[in-house]
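Numbering (our numbering), first residue to last: 148 to 373. Here a beta-carbon is modelled for each residue, glycine too, at the ideal position from N, C-alpha and C. See below for the structure under consideration.
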């Protein structure tokens, strides 16, 4: 079925003038599909206008209403299923980009469960949480085109530790929050009374979310109050 759809789509190239068609086919352009789409924008032989999926509960879902993450999941599942039973190396460029945090944490386990035993998958990612399901022997760190070795075991590791090791990211919060934390730290150091420290403690608890940074500030206050 899918091969049939692909063949129908391939007929679109015959709507392009022969000289242009040969340049696309035999040229060095990397993104040939985009060139074909641009040349046949309003003159296609075949095009999918609508696609509807039927869920197990009987409800119908239109492809155009899918979120970017849902569409990305659908693409990944489709590719792995279409080529199941083949000896294939899948190269996936940041396939989990649009996933929500829950889906990202499931990514590696789901791919492993769907991947044919004869096949392999290599994927790139900037997400430290994703590689907590992989041994460090299965992870390659690339920086400016150069390979570097991992200093920590990634399997089951804290994502913040992986970020610190791979991306030199020492902060577990974003920039604005970091500035606010530093402001609180300065206020703690400058406080001259127990009352000031107590007021700062309440302000910190009401301003910052539950985090190691907030805990460290409160510990600093408690030390000052001793």
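Which whole-angstrom value is the C-beta distance of residue i and residue j, which I expect to be below 8 Å?
i: residue 268; j: residue 313; result: At roughly 20 Å, the Cβ-Cβ gap does not stay under 8 Å, so residue 268 and residue 313 are not in contact.
i: residue 302; j: residue 323; result: About 33 Å; that fails the 8 Å criterion.
i: residue 241; j: residue 266; result: With a Cβ gap of about 20 Å, residue 241 and residue 266 do not count as contacting.
Which same chain residues, not among the five before or five after residue i, have their C-beta less than 6 Å away from its C-beta?
i: residue 338; result: 344
i: residue 90; result: Nothing about residue 90 can be reported from this structure: the residues present for the chain run from 148 to 373 only.
Measuring straight from C-alpha to C-alpha, what distance separates residue i and residue j?
i: residue 306; j: residue 169; result: 49 Å
i: residue 190; j: residue 155; result: 14 Å
i: residue 262; j: residue 270; result: 13 Å
i: residue 199; j: residue 246; result: 21 Å
i: residue 379; j: residue 372; result: Examination of residue 379 is not possible in this model, given that the chain is present from 148 through 373 alone.
i: residue 164; j: residue 311; result: 54 Å
i: residue 253; j: residue 290; result: 26 Å
i: residue 327; j: residue 340; result: 21 Å
i: residue 243; j: residue 295; result: 23 Å
i: residue 255; j: residue 304; result: 15 Å
i: residue 232; j: residue 293; result: 34 Å
Got a sec? Which residues, its chain only, sit under 8 Å from residue i by beta carbon, not counting five neighbours each side?
i: residue 405; result: Examination of residue 405 is not possible in this model, given that the chain is present from 148 through 373 alone.
i: residue 297; result: 283, 286, 288, 312 and 313
i: residue 248; result: 276
Return the chain-ordered list of same chain residues with a C-beta closer than 7 Å to the C-beta of residue i, the five sequence neighbours on each side being excluded.
i: residue 399; result: Residue 399 is absent from the structure shown; the chain starts at 148 and stops at 373.
i: residue 365; result: 348 and 351
i: residue 216; result: 245, 246, 247 and 250
* To do: Starting from the N-terminal side, write out each stretch of the beta strand (DSSP E) that is 3 residues or longer and does not extend beyond the stretch 194 to 255.
  => 199 to 201, 207 to 209 and 236 to 240
What ranges does the alpha helix (DSSP H) occupy inside the stretch 274 to 339, keeping only unbroken runs of at least 4 residues that lie completely in it? 306 to 314 and 322 to 337
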